[in-house]
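*Asks:* Residue numbers (the numbering used here): -19 to 495. C-beta: ideal position from N, C-alpha, C; glycine also. Since we're looking at a predicted model, the values are computed, not measured.
1. Mapping DSSP to helix, strand and coil, what is residue 0?
2. Given this structure, state the Cα-to-Cα distance separating residue 155 from residue 162, to the nearest angstrom.
3. What whole-angstrom Cβ distance do residue 387 and residue 449 have, given they're in contact under 8 Å?
4. To which residues of the same chain is residue 43 closer than 7 Å at the C-beta, ignoring the five residues directly before and after it?
5. When you compare the CB positions of residue 365 and residue 322, do they come within less than 8 Å of one another, or not?
6. Tell me which same chain residues have a C-beta within less than 7 Å of the C-beta of residue 240, skipping the five on either side of it?
7. For the alpha helix (DSSP H) that residue 142 lies in, which residues bound it at each end?
8. With distances taken Cα to Cα, identify the nearest neighbour of residue 95 among 133, 128 and 193.
9. Does the stretch 113 to 126 come into contact with the stretch 4 to 15, if we say contact requires no fewer than three beta-carbon pairs (one atom in each stretch) closer than 8 Å?
10. Using the beta-carbon count (16 or more within 10 Å), is residue 466 buried or exposed?
11. DSSP state of residue 396, grouped into three classes?
12. Can you have a look at residue 140 and say buried or exposed, based on whether 16 or more other CB atoms are within 10 angstroms of its CB?
13. Taking the C-alpha atoms as reference points, what is the distance between residue 45 and residue 25?
14. By Cβ distance below 6 Å, which residues in the same chain neighbour residue 70 in space, the five residues on each side in sequence not counted?
15. Please state whether DSSP places residue 452 in a helix, a strand or coil.
16. Could you name the residues that DSSP lists as bridge partners for residue 389?
17. Out of 290, 337, 459 and 359, state which residue places its alpha-carbon closest to the alpha-carbon of residue 407.
18. Would you be able to state if there are at least three C-beta pairs under 8 Å between the stretch 279 to 297 and the stretch 317 to 334?
19. Does the stretch 194 to 202 come close enough to the stretch 50 to 58 to have 3 or more Cβ pairs within less than 8 Å?
20. Does residue 319 come out as helix, strand or coil in the three-state DSSP assignment?
21. With DSSP as the reference, label residue 116 as helix, strand or coil.
22. Would DSSP call residue 333 helix, strand or coil?
23. Grouping DSSP H, G and I as helix and E and B as strand, with all else coil, what is residue 240?
24. Name the DSSP bridge partner or partners of residue 459?
25. On the three-state DSSP scale, how would you describe residue 474?
26. Closest to residue 91 by C-alpha separation, out of 109, 126 and 34, would be which residue?
27. Output the distance between the C-alpha atoms of residue 375 and residue 443, rounded to the nearest integer angstrom.
28. Looking at the structure shown, is residue 271 part of a helix, part of a strand, or coil, going by DSSP?
29. Of the residues 187, 259, 297 and 48, which one's Cα is nearest the Cα of residue -11?
30. How close, in whole Å, do the beta carbons of residue 124 and residue 103 come, if the pair is a contact with beta carbons under 8 Å?
31. Out of 146, 245, 12 and 37, which one is the CA nearest neighbour of residue 158?
32. Quick check on the burial criterion: 16 or more other C-beta atoms within 10 angstroms. Buried or exposed for residue 337?
33. Which two residues bound the contiguous beta strand (DSSP E) that contains residue 354?
34. So residue 345 is in the beta strand (DSSP E); what residue range does that whole segment cover?
35. Could you give the first and the last residue of the continuous alpha helix (DSSP H) run that contains residue 437?
36. Report the residue from 446, 409 and 296 whose alpha carbon sits nearest the alpha carbon of residue 362.
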């Protein structure tokens, strides 16, 4: 059954709304589940810190007892060093345990009892040490033989074991809840993705069916064109209307795809304006010191929400830039090449002049080898390729030394030419040598603007010229870009059987952002 334009429009709008609803549900649920996961993660970290504080306190107590016993057995003062060090650190460790376990009611009594035991044990140990130092060793040993210290230590060990076991159980509970949250996140994402895939598949099917109907109509017009002239005119009119519908359909699809991005940017601005009013209210009214909920609300309005909105705004801008970059990259592939004789020396001099002021300001220099050869190629493409490489050399220079850029060329068999652009900049790590030429891929520290399309664009242009580009680089030492080109582009085009297409010609200034 034929599909009408109205049905296509309605189906497209319905698919868009369903997909948007599914995406909204995924985003909202994901935010909530990620928040829950973060809460459980922070809880697990806090409990692990509690456990570590208890273990450290137990070790310090054992160190004091070990030092005391060594001194009582040998009478050598060297055994008092670990005793004194552990005793010195005990007070701070006890306070740390109290602070970290303040929010654990079931361990409050145990902590208090451990503190009492430590106090009693320290008193006994100090008393025995002082007796030995005074030459009253028998009295000190008599105190030890009462077993009071051993009983206190055994009780302390039981309390430590109990509190550590409680902490480990709380960690296990937190991890279990975190895993359950992650499982929910997995299922929500999977179901939402299935819904979106189904919507996209349905919309694609509708578009394919509708397009096939339009193509079939066009073929029918062509088949009937050999008949009556009137029918030709009628079918031609039908074809014109069909083409107009295709253009309108393309406009609708494009508009619907961009509309969510525009809405996000608009509502982001409204949210920022609303947050300004909320922050002003907090600044005026203040936050009660005893109201944690109000403090959380203030933090959300003053810190968390502005940060999230900033991420949203930067992401939407990046998305818009990426769309435009992809379109520009696509147009480059359809541009007709215009082979002409080009003096590489003059071309590089012109490209170097555009960046020379930056190099001079950085205390550097550009060296172009004399006697660079002449090639037959597309001037605009070469200007963009080598201009991009020179820009990257300046953009990613090393702050530790003045920039040095050297340009040279050498002949290769098969009427090939390899042009090398060498710099002493940051360099590229070995594992990034191939990926820097991929679309939207960048390497190293991301402290320079760009979308990761510059070198991908360069490689596309070089390959369109019948060549290839590679690099040799060492991190921290510099990079050499090697562009392999045919000396005569016309021969490469003839051998490849390229059919020329002529879009609007661009100027050499219209370069993409370098990646």
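*Replies:* Taking the geometry as given:
1. Residue numbering aside, residue 0 sits at position 20 when the chain shown is read from its first letter. Looking at residue 0 - three-state DSSP - the assignment turns out to be helix.
2. The residue given as residue 155 occupies position 175 in the chain shown. The residue given as residue 162 occupies position 182 in the chain shown. In a straight line, the C-alpha of residue 155 is about 10 Å away from that of residue 162.
3. By 1-based counting over the chain shown, the position of residue 387 is 407. By 1-based counting over the chain shown, the position of residue 449 is 469. With a Cβ gap of about 15 Å, residue 387 and residue 449 do not count as contacting.
4. Here residue 43 refers to the residue found at position 63 of the chain shown. For residue 43, same chain residues with a beta-carbon under 7 Å away, outside a window of 5 residues either side, are 62 and 66 in chain order.
5. Looking up residue 365 in the chain shown gives position 385. Looking up residue 322 in the chain shown gives position 342. Not a contact, by the Cβ cut-off of 8 Å.
6. Taking the first residue of the chain shown as position 1, residue 240 is located at position 260. Listed in chain order, the non-local C-beta contacts of residue 240 below 7 Å within the same chain comprise 0, local neighbours out to five positions each way being set aside.
7. To locate residue 142, count along the chain shown from 1; it is residue 162. Element bounds for residue 142: 128 to 204.
8. For the purposes of this step, residue 95 is taken as the residue at position 115 of the chain shown. Nearest of 133, 128 and 193 to residue 95, Cα basis: 133.
9. In this structure the stretch 113 to 126 does not lie against the stretch 4 to 15, because fewer than three pairs of beta carbons, one per stretch, are closer than 8 Å.
10. Mapped onto the chain shown, residue 466 falls at position 486. Answer is buried; the Cβ neighbour count reaches 16.
11. Your numbering for residue 396 matches position 416 in the chain shown. Residue 396 falls in the strand class under three-state DSSP.
12. As a working note, residue 140 is residue 160 in the chain shown. By the 16-neighbour rule on beta-carbons within 10 angstroms, residue 140 is buried.
13. Mapped onto the chain shown, residue 45 falls at position 65. Mapped onto the chain shown, residue 25 falls at position 45. A direct Cα-to-Cα measurement between residue 45 and residue 25 gives close to 30 Å.
14. As a first step, residue 70 is located in the chain shown; it is residue number 90 there, counting from the start. For residue 70, where only same-chain residues beyond five positions count, the Cβ hits under 6 Å are 40.
15. Reading the chain shown from its first residue, position 472 is the one you call residue 452. In the displayed model, residue 452 falls within a strand according to three-state DSSP.
16. Taking the first residue of the chain shown as 1, we reach residue 389 at position 409. Partner residues in the beta bridge of residue 389, as assigned by DSSP, are 399.
17. Taking the chain shown and counting its residues from 1, one reaches residue 407 at position 427. With distances taken between CA atoms, residue 407 lies nearest to 459 out of 290, 337, 459 and 359.
18. Segments in contact, no.
19. Not touching, per the Cβ criterion.
20. Counting from one through the chain shown, the residue named residue 319 turns up at place 339. Residue state, collapsed to three classes: strand.
21. Locating residue 116 in the chain shown gives position 136, counting from the first residue. Residue 116: coil per DSSP, three-state reduction.
22. In the chain shown, residue 333 corresponds to position 353, counting from 1. Helix, per DSSP.
23. Within the chain shown, numbered from 1, the residue matching residue 240 stands at position 260. Here residue 240 sits in helix by DSSP.
24. By one-based count along the chain shown, residue 459 stands at place 479. Per DSSP, the beta bridge partners of residue 459 are 403 and 453.
25. As a working note, residue 474 is residue 494 in the chain shown. Helix, per DSSP.
26. As a first step, residue 91 must be located in the chain shown, where it is residue number 111. Distance check between residue 91 and each of 109, 126 and 34 places 34 closest, using alpha-carbon atoms only.
27. Locating residue 375 in the chain shown gives position 395, counting from the first residue. Locating residue 443 in the chain shown gives position 463, counting from the first residue. So the two alpha carbons sit approximately 24 Å from each other.
28. Taking the chain shown and counting its residues from 1, the one referred to as residue 271 is at position 291. In the structure shown, residue 271 adopts coil according to DSSP, grouped into three states.
29. Residue numbering aside, residue -11 sits at position 9 when the chain shown is read from its first letter. Ranked by Cα distance from residue -11, the options 187, 259, 297 and 48 are led by 187.
30. Indexing the chain shown from 1 puts residue 124 at position 144. Indexing the chain shown from 1 puts residue 103 at position 123. That pair is no contact at about 13 Å.
31. Here residue 158 refers to the residue found at position 178 of the chain shown. Residue nearest to residue 158 within the set 146, 245, 12 and 37 is 12 (criterion: CA-CA distance).
32. Mapped onto the chain shown, residue 337 falls at position 357. Within a 10 Å sphere around the beta-carbon of residue 337 sit fewer than 16 other beta-carbons, which makes this residue exposed.
33. Position 374 of the chain shown, counted from the start, is the residue given in the question as residue 354. Unbroken beta strand (DSSP E) run through residue 354: 354 to 358.
34. For the purposes of this step, residue 345 is taken as the residue at position 365 of the chain shown. Residue 345 -> beta strand (DSSP E) spans 345 to 348.
35. Along the chain shown, one-based indexing puts residue 437 at 457. Where residue 437 is concerned, the enclosing alpha helix (DSSP H) stretches over 434 to 444.
36. Here residue 362 refers to the residue found at position 382 when the chain shown is read from its first residue. With distances taken between Cα atoms, residue 362 lies closest to 446.
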